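Read left to right, the sequence shown gives residues 244 to 492 (the working numbering). For each residue, glycine too, the CB sits at the ideal point set by N, CA and C. All values reported here derive from a predicted model rather than from experimental measurement. Working notes, beginning with the structure itself.
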Amino acid sequence: MARLPVDHAIVTRYCKAFSEPPKQPDARMISDLLEVYRSMRDFQSIRNSMAGASHMWSCHPVGILLMAIDPSTGNSALHVATASKNVEGLRAVNAEFRPLQVRLRRSYHMLVSHKNHAGDTMLHVAARTGDVQLLVYAYRIFCHDSLPDEKRWGNSQPVELQGTEGLDQFIIPRLAFLIDKNNEGRDAIAEAELAGYPEAVEWLEALVSRMDPSGKRTDAVERAKIEDYVRKLYRYDEEEAGPETSKDV
244 MARLPVDHAI VTRYCKAFSE PPKQPDARMI SDLLEVYRSM RDFQSIRNSM AGASHMWSCH
304 PVGILLMAID PSTGNSALHV ATASKNVEGL RAVNAEFRPL QVRLRRSYHM LVSHKNHAGD
364 TMLHVAARTG DVQLLVYAYR IFCHDSLPDE KRWGNSQPVE LQGTEGLDQF IIPRLAFLID
424 KNNEGRDAIA EAELAGYPEA VEWLEALVSR MDPSGKRTDA VERAKIEDYV RKLYRYDEEE
484 AGPETSKDV
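What follows is the structure, encoded as structure tokens:
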């Protein structure tokens, strides 16, 4: 599947709402921005910092988040905010994609499913903290669901309480995210178990069991089908698969 950071040439085509082409970020620019998501604990201050970066980089925040990957670790803003248990940082990243338009669907999936150099997604990182509430944030962000501190509309259940009802285009990517393995061959459940957090293990196992009650995830052929479905859904096999181009972004 596509990996971040997105090539600068692609983002140049992607961010056409600015009078100047986006700047190629250097390591210092990336480090400064990621530090905001790591350590700044006020939601609006984080959004203001991103607005400043957007002006400085001549790029929409979505494009910035797709380029702002730590070259030494492969960490994204979601990785660093999760590792520091900064839920305001997570909320701020999520807010840049709201409302989630169809043309940004692949861009969003690229970011929320991104693996660092160790093969960890943000869910692996959350699992190693043992913080169940952080796992809820990570999973809801992946699913683009309302976050724990946000008002829910209507009578909808939180996504982690939903079963397998619904369209494959929603269910299968969620299961793929939950069972994704890092370079050590461990999924989020295994990471939580290794770190000694039984409550996190229980929460993740219950969620995966609701998503896959028949246990297809344990079969190598079925896992390959799941991965292939996600690749095709987000068109990752296309040449130079990157974020959707738009004059508005």
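For the beta strand (DSSP E) assignment, the segment 268-351 encloses no uninterrupted run of at least 3 residues.
Straight across, the Cα-Cα distance linking Q287 with L247 is about 26 Å. Distance from the Cα of E470 is smallest, within the candidate group E448, K266, R453 and K424, for K424. For E445, the enclosing alpha helix (DSSP H) starts and ends at P441 to M454. Unbroken alpha helix (DSSP H) stretches of 4 residues or longer found wholly inside the segment 388-432: 411-422, given in chain order.
Less than 8 Å divides the Cβ of L447 from the Cβ of A431. About 23 Å separates the Cβ atoms of P304 and S315, ruling out a contact at the 8 Å cut-off. Closest by C-alpha distance to F420, out of D374, R478 and Y472, is Y472. Around the beta-carbon of V379, 16 or more other beta-carbon atoms lie within 10 Å, marking it buried.
About 11 Å separates the Cβ atoms of R349 and R474, ruling out a contact at the 8 Å cut-off.
Put simply, the segment 341-359 touches the segment 299-313. At least three CB pairs are less than 8 Å apart. Contact annotation: L377 and T325 have beta-carbon atoms nearer than 8 Å. Selection T372, S389, N337 and K328 evaluated against G439 yields T372 as nearest (Cα-Cα).
In this structure, M365 and L321 form a Cβ contact; the two beta carbons are roughly 4 Å apart against a cut-off of 8 Å.
By the neighbour-count criterion, in which 16 or more other beta carbons inside 10 Å mark a residue as buried, S452 falls on the exposed side. Judged by DSSP in its simplified three-state form, R371 adopts helix. Shown here for H387: same chain residues with a beta carbon closer than 6 Å to its own, the five before and five after excluded, namely L343 in chain order. Closest by C-alpha distance to I312, out of V330, K358 and S301, is K358.
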